[in-house]
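Below is one structure, written out as structure tokens, with a few remarks after it.
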Amino acid sequence: MPALLLALFVLAATSLPAFAQDKAAIEAGFRTWLTTKVWPDAQKKKVSKATFDTAFSGVTLDWTLPDLAAPGAPPAKEQRQPEFQTPGAYVAETKFAPLVPKGRALLQQYARTLDAVEKKSGVPREIIVAIWGRESGFGAAKPNKNAIQALATLGYIGARKNYFYPELIAALEILEGDHIALADLKSSWAGAMGQPQFLPSKFLAYAVDQDGDGKRDIWKSVPDTLGSIGNFLAAHGWVRGRWWGTEIDAPQAASCTYEGPDKPRPVKEWLGMGVKPVSAVMSKTPDLAGHLLMPAGRQGPAFLVSENFYVLKSYNESDMYALFIGHLADKLRGDATIRAPWNTLSGFTRNDVREMQLRLEKKGQDVGTADGLVGFRTRVAIGVWQQANGRAATCYPDADMVKQAGR
């Protein structure tokens, strides 16, 4: 090779990113980690060597997964912050159109199974079927990741190793004790498994063998799926005989700063403020607690919810997720709609919201987490700031307020 070409070749090789040079070393480190870290921890959970070896036979890191933070890897590109969207986009009526007719048909098809699940768990069948539909399209969505490979990758080079590593050990426990074949242990990229999208730890704790075949099969068995969803909600405190909540007309006397799971009032007290429920599901229990929910503050609909709304949030920690499930369940029961409009919100980004949250925190306001998401604590903090500054409390940012709040 001519000297000049040789010099250029050497220069190119030595200037390769460290990540590219070290990828093989990271894979080698992964194999060592499996032996020195994962196997001892799996052994403590009574996972056999045969199960362990089978699970990791031929497994390498899955470099296609998101949320990785491998040593030497280039930093993740900063994501372009999109314009903020109204929360109502999450519960647009078009989102329910494909789910309602199918859900109603499945309520009939699996009526006997749902009778048994409802009797045992206390969770209404419409709620169970709504979660089934939201999580996997009633089983139509079939994540195809090898759960062991995905969780091992995230547990070794993921940005949230401490979160995913215990899930890897739990997945090995499933292989050891639940007679699920490795080929059937499929998940999303983040390890969520089967028709109810349980993480492995949730499977171990809450999955049930509803069809009595000796396996807890949330991948192929509809009865096991329905029973497992009901068992999960019951274990998280579902109160028998109470619905999730209802839309309301909320007068100004019912301040948006009263929102949240930490501000319960007897239903009759809310009614005394002039709150007008769209349905009677909460009015039937006037002495029990109700909670104000305003996902978009005064920029959208208001709801009066029971403690069961917050049980739905244990499935997915999102007000809008729980509202989606509750509203879908309403639709499965009848022709329900959310009546009040969601105002269009624009002119600011999630990063703008985060900066506002940090300013409010410096002023002593509790915003929950400064993550750019407008959760109930942030909404209440905004309302308190608005009142203190002579503004009408809307409890939701607009383009002007997001720049001013906390200054």
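For reference, each letter of the sequence shown is one residue, going -20 to -1, 1 to 387 in mature numbering (1 follows the signal peptide of the UniProt record, and there is no 0). Glycine residues also receive a C-beta, built at the ideal position from the N, C-alpha and C atoms.
Let me check one thing: in DSSP terms, what residues is residue 227 bridge-paired to?
283
What is the rounded straight-line gap between the Cα of residue 67 and the Cα of residue 27?
Their backbone Cα atoms lie some 44 Å apart in a straight line.
Rounded C-alpha distance that separates residue 335 from residue 387
The C-alpha of residue 335 lies about 11 Å from the C-alpha of residue 387.
At what residue ranges does the segment 282 to 329 contain a whole run of the alpha helix (DSSP H), taking only runs of 4 or more?
DSSP runs (the alpha helix (DSSP H)) wholly in the segment 282 to 329: 287 to 295 and 299 to 313.
Could you tell me the boundaries of the alpha helix (DSSP H) in which residue 157 lies?
141 to 157
Using the DSSP secondary-structure output, state which residues sit across from residue 271 in a beta bridge.
285
Assigned exposure category for residue 242 - 16 Cβ within 10 Å defines buried
exposed
For residue 47 and residue 251, what's the separation of their Cα atoms in angstroms?
46 Å
Which full runs of the beta strand (DSSP E) of 3+ residues lie inside the segment 194 to 240, going along the chain?
225 to 229
Are there 16 or more other CB atoms within 10 angstroms of the CB of residue 20, so buried, or fewer, so exposed?
exposed
Three-state secondary structure (DSSP) of residue 138:
strand
Name the DSSP bridge partner or partners of residue 178?
173
Please identify the residue among 298, 359, 40 and 259 whose C-alpha is closest to the C-alpha of residue 319.
259
Give me the Cα-Cα distance between residue 389 and residue 347, rounded to the nearest whole angstrom.
Because residue 389 is not part of the residues shown, which for the chain are -20 to 387, the question remains open.
Go through the segment 17 to 96 residue by residue and report every complete run of the alpha helix (DSSP H) that reaches 4 residues or more, in order.
19 to 24, 29 to 36, 73 to 76 and 80 to 89
Using DSSP with H/G/I as helix, E/B as strand and the rest coil, what is residue -8?
Any reading at residue -8 must be qualified, since the residue scores a pLDDT of 41, below 50, and its modelled position is unreliable; no value is offered.
Presumed contact (8 Å Cβ cut-off) between residue 293 and residue 267, rounded CB distance
Not confirmed; about 24 Å, so no contact.
How big is the Cα-Cα spacing for residue 284 and residue 102?
For residue 284 and residue 102, the distance between alpha carbons rounds to 21 Å.
Please classify residue 197 as buried or exposed, where buried requires at least 16 neighbouring CB atoms within 10 angstroms.
With 16 or more Cβ atoms within 10 Å of its Cβ, residue 197 is classed as buried.
Rounded to a whole number of angstroms, what is the C-alpha to C-alpha distance between residue 253 and residue 137?
53 Å
Exposed unless 16 or more other CB atoms sit within 10 angstroms - verdict on residue 380
exposed
Among 17, 237 and 33, the one whose alpha carbon lies nearest that of residue 155
33
Within 8 Å, strictly: CB atoms of residue 215 and residue 246:
no
Using the three-state DSSP reduction, which class does residue 245 fall into: helix, strand or coil?
strand
Nearest CA to the CA of residue 172: which residue from 229, 202, 147 and 96?
147
Hey, how far is the Cα of residue 324 from the Cα of residue 383?
18 Å
Ends of the alpha helix (DSSP H) at residue 190?
Run containing residue 190: none; DSSP gives neither H nor E here.
Express the C-alpha separation of residue 280 and residue 81 in angstroms, rounding to a whole number.
Each residue's alpha carbon lies about 27 Å from the other.
Throw me the rounded Cβ distance for the residue 257 and residue 228 pair, which I believe falls under 8 Å.
5 Å
Residue 291 beta carbon less than 8 Å from that of residue 190:
no
First and last residue of the uninterrupted alpha helix (DSSP H) at residue 358
356 to 368
Measuring only the C-alpha atoms, how far is residue 372 from residue 327?
20 Å
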